[in-house]
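Okay, so here's the structure we're looking at.
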Amino acid sequence: MIEVDHIDVAIGPVGILHDVSLRLAPGRLVTVIGANGAGKTTLLRTLSNIVSPRSGTIRFDGRPTAGIKPHLLARAGLVHVPQGRQIVPGLTVRDNLVIGADRAGLDAGTIAEGLEREFARFPVLKERQHILGGNLSGGEQQMLAVSRALMMRPKVLLLDEPSLGLAPQVVTTILKALRGLADDGLSVLLVEQLALLALDTADEAHVLQRGRVALSGPAAELRRDRAVIESYLG
């Protein structure tokens, strides 16, 4: 569970987020959409404590996150998949996945179960498990980035633009996997450039405009509202 209450975020003298509030409950997929520069990436970086809010509070599992280092938040179950994938190109697919589990301090048995689970989720990773991460396609690298995060057994998964630069078929595969994760009880917060696909996948949506939440509601309702699409999403 993530609770964000009235946060303001600035980078230097420039205000990026203004009075942003949202909730992310277990088993829900929430998407944050909006134009480039709206503050979506900054929001995820703030939730994972890479950036500190100037005011307001963030709670994870009922506890304030202020002052907790990002890697400790990740160990506690709040895991961030940033834009750009950030896999280790010189390690194999399998070793990239094991790194994710090692960061969470998991034992060998749990790691083995995690590998089996992720290879079932994305079979191409099993086929290419001994290939260096840097030799994968962009879509395969994104699947690897998602699976590496899931190896940490998160309670909350934050994803920043997982569709960026990928073929439509790969985007569909990844979004379907995220939908399944939420249906299985994981909390998923998805920042996404492909707004209509995000709305089709999510339970709830927040539209960011110039750093403020301009609109919130059930994703299906926003998807059906032509005025919303034209006004906020072009």
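The numbering of the sequence shown is our numbering, which starts it at 8 and goes up by one. The C-beta atom is built at its ideal place from N, Cα and C for all residues, glycine as well.
Drop a sphere of 10 angstroms on the beta-carbon of residue i, count the other beta-carbons inside from all chains shown, and report buried for 16 or more, exposed for fewer.
| i | result |
| --- | --- |
| residue 135 | buried |
| residue 107 | buried |
| residue 43 | exposed |
| residue 115 | exposed |
| residue 103 | buried |
| residue 87 | buried |
| residue 148 | buried |
| residue 2 | Because the chain is modelled from 8 through 241, residue 2 falls outside the range shown and cannot be assessed. |
| residue 167 | buried |
| residue 156 | buried |
| residue 73 | exposed |
| residue 218 | buried |
| residue 209 | buried |
| residue 237 | exposed |
Are the Cβ atoms of residue i and residue j separated by less than 9 Å?
| i | j | result |
| --- | --- | --- |
| residue 34 | residue 194 | yes |
| residue 188 | residue 51 | no |
| residue 150 | residue 179 | no |
| residue 61 | residue 26 | no |
| residue 315 | residue 213 | Coverage of the chain is limited to positions 8 through 241, which leaves residue 315 absent and any answer about it impossible. |
| residue 146 | residue 173 | yes |
| residue 82 | residue 111 | yes |
| residue 57 | residue 199 | no |
| residue 55 | residue 31 | no |
| residue 152 | residue 175 | no |
| residue 160 | residue 113 | yes |
| residue 90 | residue 171 | yes |
| residue 94 | residue 141 | yes |
If I follow the unbroken alpha helix (DSSP H) through residue i, where does it start and stop?
| i | result |
| --- | --- |
| residue 82 | 77-83 |
| residue 54 | 47-54 |
List the endpoints of the continuous beta strand (DSSP E) containing residue i.
| i | result |
| --- | --- |
| residue 39 | 36-40 |
| residue 64 | 62-67 |
| residue 102 | Segment 100-110 is the alpha helix (DSSP H) holding residue 102; no beta strand (DSSP E) there. |
| residue 209 | No beta strand (DSSP E) contains residue 209, which DSSP labels as neither H nor E. |
| residue 17 | 9-18 |
| residue 221 | 219-225 |
| residue 92 | From DSSP, residue 92 is part of no beta strand (DSSP E); its letter is neither H nor E. |
| residue 31 | 21-31 |
Can you give the beta carbon distance from residue i to residue j, rounded, assuming they're within the 8 Å contact cut?
| i | j | result |
| --- | --- | --- |
| residue 23 | residue 49 | 5 Å |
| residue 230 | residue 203 | 7 Å |
| residue 122 | residue 100 | About 10 Å separates the two Cβ atoms, so there is no contact after all. |
| residue 85 | residue 163 | 5 Å |
| residue 143 | residue 97 | Not quite, the Cβ-Cβ distance comes to about 12 Å (not below 8 Å), so this is no contact. |
| residue 206 | residue 221 | Their Cβ separation, rounded to whole angstroms, is 15 Å, which puts residue 206 and residue 221 out of contact at 8 Å. |
| residue 8 | residue 68 | 6 Å |
| residue 184 | residue 128 | 6 Å |
| residue 165 | residue 47 | With 8 Å as the limit, residue 165 and residue 47 do not qualify as a contact, their Cβ atoms being about 11 Å apart. |
Verify the CB distance criterion: does residue i have a CB-CB separation below 9 Å to chain B?
| i | result |
| --- | --- |
| residue 188 | The chain inventory of the structure shown lacks chain B, comprising one protein chain alone. |
Legend entry - Residue ranges of each beta strand (DSSP E) within the segment 127-201, 3 or longer: The segment 127-201 contains, as complete beta strand (DSSP E) runs of 3+ residues, the segments 163-167, 194-198 (chain order).
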